[in-house]
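Just so you know, we're using this note's numbering here: the sequence shown kicks off at 982 and counts up by one. Reading through the structure tokens given below for one structure.
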Amino acid sequence: MRCLAIDLTLVYQILHDHYDTQLDATFCIIDNSRTRGHAYKLLKPHCTIDATKYFFSNLVISTWNNLPDMVVHSPKLSTFKRHLSVLDLSCHWPVLDFLLTASILCSLCRLSF
982 MRCLAIDLTL VYQILHDHYD TQLDATFCII DNSRTRGHAY KLLKPHCTID ATKYFFSNLV
1042 ISTWNNLPDM VVHSPKLSTF KRHLSVLDLS CHWPVLDFLL TASILCSLCR LSF
């Protein structure tokens, strides 16, 4: 859960210009006033290659789009973190569970050789 909160904090910093990086080109904000939720909804690209499904930008988009308006439109980073700490992010854990399992298996394979 902590990793997911850190990733969401990084997305907040990128979208609110608190982080000087070229990652803002990887996120595309949906410019549609008819969408439900907040105005910072991100477009999730269709993945044709299996490896691209597990990129940072693709993993956090679904969770980011499901955040409440109050959290995304926080005026300061500290306010965003406080609102995020109150939310239950456990429903998004299965997405990250695969990555955790894969990293554990890789480390076990290295130990067995």
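For glycine and all other residues, C-beta sits at the position ideal for the given N, C-alpha and C.
Buried or exposed by the 16-neighbour rule on C-beta atoms within 10 Å, applied to residue i
i	result
V1067	exposed
I1010	exposed
I1042	buried
K1034	exposed
T1060	exposed
Where residue i falls: helix, strand or coil (DSSP)
i	result
I1042	helix
I1030	coil
L1077	In this prediction, L1077 scores a pLDDT of 49, lower than 50, which makes its location untrustworthy; the coordinate-derived value is nonetheless stated afterwards. Reduced to three states, the DSSP call for L1077 is helix.
Endpoints, alpha helix (DSSP H) assigned at residue i
i	result
F1061	L1058 to V1067
Y993	R983 to L996
D1050	D1050 to V1053
Inter-stretch contact (C-beta, 8 angstroms, three-pair minimum) for the region 1025-1036 and the region 990-1003: Remark: fewer than three beta-carbon pairs, one from each stretch, lie closer than 8 angstroms, so the region 1025-1036 and the region 990-1003 are not flagged as touching.
Is there contact here, the region 1049-1056 with the region 1033-1041, by at least three beta-carbon pairs under 8 angstroms? When C-beta atoms of the region 1049-1056 are compared with those of the region 1033-1041, fewer than three pairs fall below 8 angstroms, so the two segments do not count as touching.
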